[in-house]
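Q: Read in order, the letters of the sequence shown are residues 32 to 328 in the working numbering. A virtual CB, placed ideally from N, CA and C, is assigned to each residue, including glycine.
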Amino acid sequence: MTRAAQFRETLDRRPILGDGATGTQLQQLGLAPGQGGEFWNVDHPDRVRQVHRAYAEAGAELLTTNTFGGTSCVLAGHGAAHRVRELSVAGARLARDCAGDRAWVLGDIGPFGGMLEPLGDAAEDEVALAFREQAAALLEGGADLILVETMSDPAEAVLAVRAAKAAGAECVIATYSFQQSSAGYRTMMGTAAGPALAALVAAGADVVGANCGTELSLDDYVRLTAELVAAAAGRPVIVQPNAGSPRLVDGAICYDESAAQFAAATPRLLAAGARIVGGCCGSTPAHIAAMAPHFSR
32 MTRAAQFRET LDRRPILGDG ATGTQLQQLG LAPGQGGEFW NVDHPDRVRQ
82 VHRAYAEAGA ELLTTNTFGG TSCVLAGHGA AHRVRELSVA GARLARDCAG
132 DRAWVLGDIG PFGGMLEPLG DAAEDEVALA FREQAAALLE GGADLILVET
182 MSDPAEAVLA VRAAKAAGAE CVIATYSFQQ SSAGYRTMMG TAAGPALAAL
232 VAAGADVVGA NCGTELSLDD YVRLTAELVA AAAGRPVIVQ PNAGSPRLVD
282 GAICYDESAA QFAAATPRLL AAGARIVGGC CGSTPAHIAA MAPHFSR
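1) Which residue comes first and which comes last in the alpha helix (DSSP H) that contains T256?
2) Could you check which residue in P324, G275, D287, S289 has the C-alpha nearest to that of P298?
3) Output the residue ranges of the alpha helix (DSSP H) runs that lie fully inside the segment 62-149 and measure 4 residues or longer, sorted by chain position.
4) In the structure shown, what three-state DSSP assignment does E288 receive?
5) Using a Cβ distance threshold of 8 Å, determine whether the segment 181-196 contacts the segment 159-168, with at least three qualifying pairs required.
6) Whole angstroms are fine: how far does the CA of I47 sit from the CA of L125?
7) Using the C-alpha atoms, what's the distance from H83 back to Q58?
8) Classify G274: buried if its beta carbon has 16 or more other beta carbons within 10 angstroms, exposed otherwise.
9) What separation, rounded to the nearest whole angstrom, lies between the Cα atoms of A34 and A198?
10) Excluding sequence positions up to five away, which residues of its chain have a Cβ less than 6 Å from the Cβ of T245?
11) Which residue wins for smallest C-alpha separation from L106, given the options G138, G68, P76, A130?
12) Buried or exposed for S213, please, with buried defined as at least 16 other CB atoms from any protein chain shown within 10 angstroms of its CB.
13) Quickly, what does DSSP pair M182 with across the bridge? List them, please.
14) Specify whether the segment 163-180 and the segment 199-207 touch according to this definition: at least 3 beta carbon pairs, one from each stretch, less than 8 Å apart.
15) Under the three-state reduction of DSSP, which class applies to A241: helix, strand or coil?
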């Protein structure tokens with residue numbers, strides 16, 4: 032049985048605990064705002080390992096590679112479009128080394144950083160090729176699953192899911208970023224949970240959900256989870272909340288929702304139907320450790 036198949040079998044039996052933020056953890060270790068964290072997979076691998084190991088020791092069963100901005104489209108902004116394979120393979124290997132047999136590795140793919148035609152000037156075939164290139168490198172480096180995350184445009188999310196499948200991914204998890212609006216929870220493109228998730232399901236995503244919501248409380252995430260479950264067409268749902276909204280305090284970015292608050296919200300998220308729960312921006316190994324007692328292996 033492949034590791035992806037083992038993941039599916041486990042998810043059928045019980046909920047799974049994810050990890051937390053990578054970027055904000057690396058910033059605490061010296062990553063400058065605006066600096067591409069993916070370069071640390073080669074330049075400071077010890078610090079990336081430190082983050083992965085802390086999450087594994089906290090009880091996370093999913094370790095997310097440090098490759099969120101690893102497509103050629105994003106790396107081009109750093110003059111490094113040619114380094115996709117190098118940085119994504121390295122990132123997957125670092126997570127694989129730390130995961131061992133106790134966690135699955137999620138090969139992380141974030142948005143390409145632009146707008147698709149006709150709203151923008153990015154051609155779908157070029158973006159799809161960029162997503163496929165990164166997905167192939169992540170799988171080469173040892174990723175068990177592909178995570179397509181923080182999407183706002185269903186069209187872009189569909190391209191990424193299909194590209195990951197075409198690259199050979201056995202299992203693809205896909206999440207949107209939602210925000211509160213007068214019409215309820217919507218992506219930045221104004222798409223509600225129903226049509227957003229329907230697009231992912233049609234594209235072949237195996238697990239669907241949300242991460243990195245803008246100005247959403249943990250109570251919001253509980254309500255959003257119920258909407259996602261209703262819209263998921265039977266697919267398992269993943270929810271990874273931010274630890275509150277970021278605030279600038281004495282030049283440092285702070286997040287207010289504590290590990291104890293995450294622990295208290297976890298049974299409510301699970302009761303609402305989430306099958307995977309983790310954290311996003313501002314969450315730490317302490318948040319994951321506080322949530323761990325609600326998950327049985």
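A: Straight from the coordinates:
1) Residue 256 sits at position 225 when you count from the first residue of the sequence shown. Note, T256: alpha helix (DSSP H), 249-262.
2) Within the sequence shown, the letter at position 267 stands for residue 298. Comparing Cα positions, the closest option is P324.
3) 71-74, 76-89, 103-106, 115-130
4) Taking the sequence shown and counting its residues from 1, one reaches residue 288 at position 257. Reduced to three states, the DSSP call for E288 is coil.
5) yes
6) Here residue 125 refers to the residue found at position 94 of the sequence shown. Here residue 47 refers to the residue found at position 16 of the sequence shown. So the two alpha carbons sit approximately 21 Å from each other.
7) Here residue 58 corresponds to residue number 27 of the sequence shown, with the count starting at 1. Here residue 83 corresponds to residue number 52 of the sequence shown, with the count starting at 1. Straight-line Cα distance between these residues: approximately 14 Å.
8) Position 243 of the sequence shown, counted from the first residue, corresponds to residue 274. Here the sequence assigns Ala to residue 274, which means Gly is not the residue at that position. When all chains shown are included, A274 counts as buried.
9) Taking the first residue of the sequence shown as position 1, residue 34 is located at position 3. Taking the first residue of the sequence shown as position 1, residue 198 is located at position 167. Looking at the sequence shown, residue 34 is not Ala but Arg. Whole-angstrom Cα-Cα distance: 17 Å.
10) Your numbering for residue 245 matches position 214 in the sequence shown. Counting only Cβ-Cβ distances below 6 Å, and skipping sequence neighbours, we find Q210.
11) Your numbering for residue 106 matches position 75 in the sequence shown. Closest option to L106, Cα to Cα, is G68.
12) As a working mapping, residue 213 is identified with position 182 in the sequence shown. Its Cβ having fewer than 16 others within 10 Å, S213 is exposed.
13) Residue mapping note: residue 182 aligns to position 151 of the sequence shown, counting from 1. In DSSP, M182 forms a bridge with Y207.
14) yes
15) The count along the sequence shown starts at 1 and reaches residue 241 at position 210. It is a strand residue.
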